[in-house]
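Worksheet: one structure, shown below.
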Amino acid sequence: MEAVLITGAGSGIGYELSRLFAMNGYDLVIVAENGERLEQLATEWRAEFGVRVLVMPKDLAHPSAPEEIVSQLKEKEIEIDLLVNNAEITANEPFTETPLEQELAMIQVNVTALTHLTRLLIGEMAARGKGKVLNVASTVVFRTNPGDRMAVYRATQAYILAFSEALAQEFKEQGITVSALCPRPPQTEPEKKTHFHQHSFFGARLSDREVATAAFRGLMEGKSVIIPGMKNQLFARSVRLLPRNMVKEIMRKMENEK
Numbered sequence: 001m002e003a004v005l006i007t008g009a010g011s012g013i014g015y016e017l018s019r020l021f022a023m024n025g026y027d028l029v030i031v032a033e034n035g036e037r038l039e040q041l042a043t044e045w046r047a048e049f050g051v052r053v054l055v056m057p058k059d060l061a062h063p064s065a066p067e068e069i070v071s072q073l074k075e076k077e078i079e080i081d082l083l084v085n086n087a088e089i090t091a092n093e094p095f096t097e098t099p100l101e102q103e104l105a106m107i108q109v110n111v112t113a114l115t116h117l118t119r120l121l122i123g124e125m126a127a128r129g130k131g132k133v134l135n136v137a138s139t140v141v142f143r144t145n146p147g148d149r150m151a152v153y154r155a156t157q158a159y160i161l162a163f164s165e166a167l168a169q170e171f172k173e174q175g176i177t178v179s180a181l182c183p184r185p186p187q188t189e190p191e192k193k194t195h196f197h198q199h200s201f202f203g204a205r206l207s208d209r210e211v212a213t214a215a216f217r218g219l220m221e222g223k224s225v226i227i228p229g230m231k232n233q234l235f236a237r238s239v240r241l242l243p244r245n246m247v248k249e250i251m252r253k254m255e256n257e258k
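Here the sequence shown is numbered in UniProt numbering, starting from 1 and rising by one per residue.
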């Protein structure tokens, strides 16, 4: 039976993806800070779906976490067939007002740990001639409104997309697919006040379960970029085609509308 490792598995999209993999018969290695929550989920899924679940309470803000995870996998002789890098840290305060340690932790979790864990596992996948990697980014990489006060977060998401697309090309001849999932990012306080994400162009926000379902389907189909929601897909494509200044003006007008 194939095994999937999922970081940030205790809540949100990570939880829904974990449940979806369990429903489809995959053994799980679930990683998050809250060990008690993970144990609760493991008990539930073992009983409901009959799968094996290994719990790993880890804080990926600690540089040693990826090595510790892989060391435990080797001790238990578990081979990972699918890797889901879902853990992330967000911030929506002005750059100089966000605690430096928070910004650095964001880079550690969103970029460094993701890269480290992928590096430790993708080589083994390639040696076996099969494997899948899903890196969770967000549609913020397609938006060009730098006034949203998410400078470091935005940069980490751009890295995830570029990293994933590059690996997809590098490993496609070795039986490995690498996908970037780009759902809408968490709402910032300014967006909540301006109702940005409720704008008619974007429609209603998809639920975590809907995002996870789209992610699972796209991953199984080997898509390199997965953007849940038709309007989000159309917007992302238009951003890549239209002049950057034009997109900025469109975004500015949309944000100014109530």
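For every residue, glycine included, the Cβ atom is placed at its ideal position computed from N, Cα and C.
I need the straight-line Cα distance from residue i to residue j, nearest angstrom please.
| i | j | result |
| --- | --- | --- |
| E221 | L20 | 16 Å |
| K223 | N135 | 12 Å |
| S207 | L181 | 14 Å |
| R205 | I122 | 33 Å |
| R154 | T112 | 15 Å |
| A215 | P228 | 7 Å |
| G14 | I6 | 7 Å |
| V211 | M106 | 22 Å |
| L117 | A42 | 22 Å |
| K58 | E44 | 20 Å |
| P66 | P183 | 25 Å |
| L73 | V152 | 32 Å |
| T96 | A126 | 42 Å |
| T213 | V84 | 14 Å |
| S71 | E124 | 14 Å |
| I176 | L54 | 24 Å |
| R46 | L104 | 37 Å |
| G50 | G35 | 21 Å |
| L28 | Q174 | 24 Å |
When we look at the beta-carbon of residue i and count the other beta-carbons within 10 Å, is it buried (16 or more) or exposed?
| i | result |
| --- | --- |
| N24 | exposed |
| K172 | exposed |
| P185 | buried |
| P63 | exposed |
| R217 | exposed |
| G8 | buried |
| S11 | exposed |
| F142 | buried |
| V166 | Checking the displayed sequence, the identity of residue 166 turns out to be Ala instead of Val. A166 should be labelled exposed. |
According to DSSP, is residue i helix, strand or coil?
| i | result |
| --- | --- |
| P66 | helix |
| A131 | Before going further, note that residue 131 is Gly rather than Ala in the sequence given. The answer is strand: DSSP assigns G131 an E or B state. |
| V141 | helix |
| I13 | helix |
| N110 | helix |
| S207 | coil |
| L28 | strand |
| I6 | strand |
| L20 | helix |
| L54 | strand |
| L104 | helix |
| A181 | For the record, residue 181 in the displayed sequence is Leu; it is not Ala. DSSP places L181 in strand when its eight states are reduced to three. |
Restricting to Cα atoms, I'd like to know which of the options is closest to residue i.
| i | options | result |
| --- | --- | --- |
| T115 | M150, F163, E68, M56 | F163 |
| K76 | E93, R52, A61 | R52 |
| R128 | V29, E79, N34 | E79 |
| K130 | A168, F95, E93 | A168 |
| L161 | S138, V84, P57 | S138 |
| E2 | A214, I89, K132 | K132 |
| E170 | R119, G50, V84 | R119 |
| V225 | F95, R46, A158, Q72 | A158 |
| T156 | E16, I176, V109 | V109 |
| R37 | F49, D27, S18, A151 | S18 |
| E93 | N85, N86, A87, Q102 | Q102 |
| A22 | E39, E48, N34, A32 | E48 |
To the nearest whole angstrom, what separates the beta carbons of residue i and residue j, a pair I think is in contact under 8 Å?
| i | j | result |
| --- | --- | --- |
| L82 | V4 | 4 Å |
| I30 | M56 | 7 Å |
| E16 | R209 | 5 Å |
| A87 | T98 | Contact flag wrong, Cβ pair sits at about 19 Å. |
I'd like to know whether the C-beta of residue i is nearer than 8 Å to at least one C-beta of chain D.
| i | result |
| --- | --- |
| G218 | You won't find chain D in this structure, because it holds only one protein chain. |
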